[in-house]
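Numbering (our numbering), first residue to last: 1304 to 1700.
The next block holds one structure in the form of structure tokens; read it before the comments.
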């Protein structure tokens, strides 16, 4: 048992290290393909098609059970994939005008934007959040204004748009992953991205011919493989980094891109830009995992997290004990087999165990602020008895 646990830990550590490594090479091979003559839409489209084809092949061979998805979950993946696909077009568009290192640094601000988006629902912004935003803005100014050569601010605008889109992906993915395993969500989100970028390429992309085709297809193919491997490594790892896992992966991704851009593409940063890199890393390190979730505790939201289990238990109960008059006109429930019931359970992402009366996320506890909100809500919703000495108020009119 101990040997198996050690092997699982080593496998998880390898996957966690491989994730930023595969993500960090994206701007390098993307820039090489663009320098070889490919336009950004072609790079985004071909890279995503290769990644999607490889993922579907791996899923059909090894992860067939994760292909099942229910319509509502598919709709959520389509929305996230649409936003992520547009962000991918912005990303490779900015890569055409900026160095690979600068692209990765500006895109790394998506965590800061995600932090701001998490407060759109009316949650107060504390001093820690303001400090993070101030550091990120100062880092952006140092990176874009104090370089050794003038920057194309159209490319900077594209990269800020890319960071905003990826931040939206982070926020929207939380709702999709409530009722769906990340393995299933990854497959359909990336597939939707492929549809979006291929449509954009078909509309405005430029065909590759001759020497440009031969020179750019190698980097694009490698880029597609690393994209698929990064997604596989991402959900193959476990949360061994604790609450700083997302921030550490983002920083490691930036570090890999900077090192590779230095040695392969010859990118250089000025001393003020290096200070900007340090400020950006400090801003990211100040982000905690709970900062990207709504700060207030929604008591009724605890049930939403387990809704797939509740719904499947209702279906199973109806199948076992329902009467004919409770069925629909096609008599669907009474004709369901146990194999079909198991396929429905996998499609819904429900567990094969009883529903908990107060479902919570695994391995989580209420922290101090959440516990205070929980108790305050209980106090406000608790029915109160009128005082004995106080007469009931007379109705109006």
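All C-beta atoms, glycine included, are put in the ideal place defined by N, C-alpha and C.
Remember, predicted model here, so these are calculated numbers, not experimental data.
Item                                                                                                                          : Value
Buried or exposed by the 16-neighbour rule on C-beta atoms within 10 Å, applied to residue 1455                               : exposed
Backbone secondary structure at residue 1412 - three-state DSSP                                                               : coil
Assigned secondary structure, residue 1650 (DSSP; H/G/I helix, E/B strand, else coil)                                         : helix
Buried or exposed (CB count within 10 angstroms, at least 16 for buried), residue 1545                                        : Residue placement at residue 1545 is poorly supported in this model, since its pLDDT is 42, which falls under 50; the coordinates still yield a value, given next. Exposed.
Per-residue DSSP class, three states only, for residue 1370                                                                   : coil
Per-residue DSSP class, three states only, for residue 1533                                                                   : helix
C-beta contact flag for residue 1446 and residue 1408 at 7 Å                                                                  : yes
For residue 1477 and residue 1667, the rounded distance between their alpha carbons                                           : Below a pLDDT of 50, predicted positions are generally treated as unreliable, and residue 1667, at 47, falls in that range; the measurement from the model is reported next regardless. Using only the alpha carbons, I get a separation of about 16 Å.
Beta-carbon gap between residue 1450 and residue 1573 smaller than 7 Å                                                        : yes
Sub-7 Å separation of residue 1568 and residue 1341 beta-carbons                                                              : no
Coil, strand or helix - residue 1451 by DSSP                                                                                  : coil
The segment 1519 to 1538 touching the segment 1347 to 1356, judged by at least three CB pairs closer than 8 Å                 : yes
Neighbourhood of residue 1395 by C-beta distance below 7 Å, restricted to the same chain and skipping five residues each side : 1333, 1343, 1346 and 1347
Three-pair Cβ contact test at 8 Å for the segment 1367 to 1386 versus the segment 1507 to 1515                                : no
Nearest neighbour of residue 1528, chosen from 1335, 1502, 1336 and 1358 [CA to CA]                                           : 1358
Assumed close pair residue 1614, residue 1368 - CB separation to whole angstroms, cut-off 8 Å                                 : Not really, about 19 Å apart at Cβ, beyond 8 Å.
Environment of residue 1509 [buried if 16+ CB atoms lie within 10 Å]                                                          : exposed
Short Cβ contact (7 Å threshold) for residue 1582 with residue 1419                                                           : no
Where the alpha helix (DSSP H) through residue 1489 begins and ends                                                           : 1485 to 1507
CA-to-CA distance, residue 1654 to residue 1555, given in whole angstroms                                                     : 34 Å
Contact set for residue 1460: own chain, Cβ-Cβ below 6 Å, skip 5 residues either direction                                    : none
Pair within 7 Å by beta-carbon distance, residue 1488 and residue 1380                                                        : yes
DSSP three-state assignment for residue 1473, whether helix, strand or coil                                                   : helix
Nearest to residue 1465 (by Cα), restricted to the options 1421, 1397, 1365 and 1491                                          : 1397
Beta-carbon proximity check, residue 1497 vs residue 1355, cutoff 7 Å                                                         : yes
C-beta contact flag for residue 1435 and residue 1589 at 7 Å                                                                  : yes
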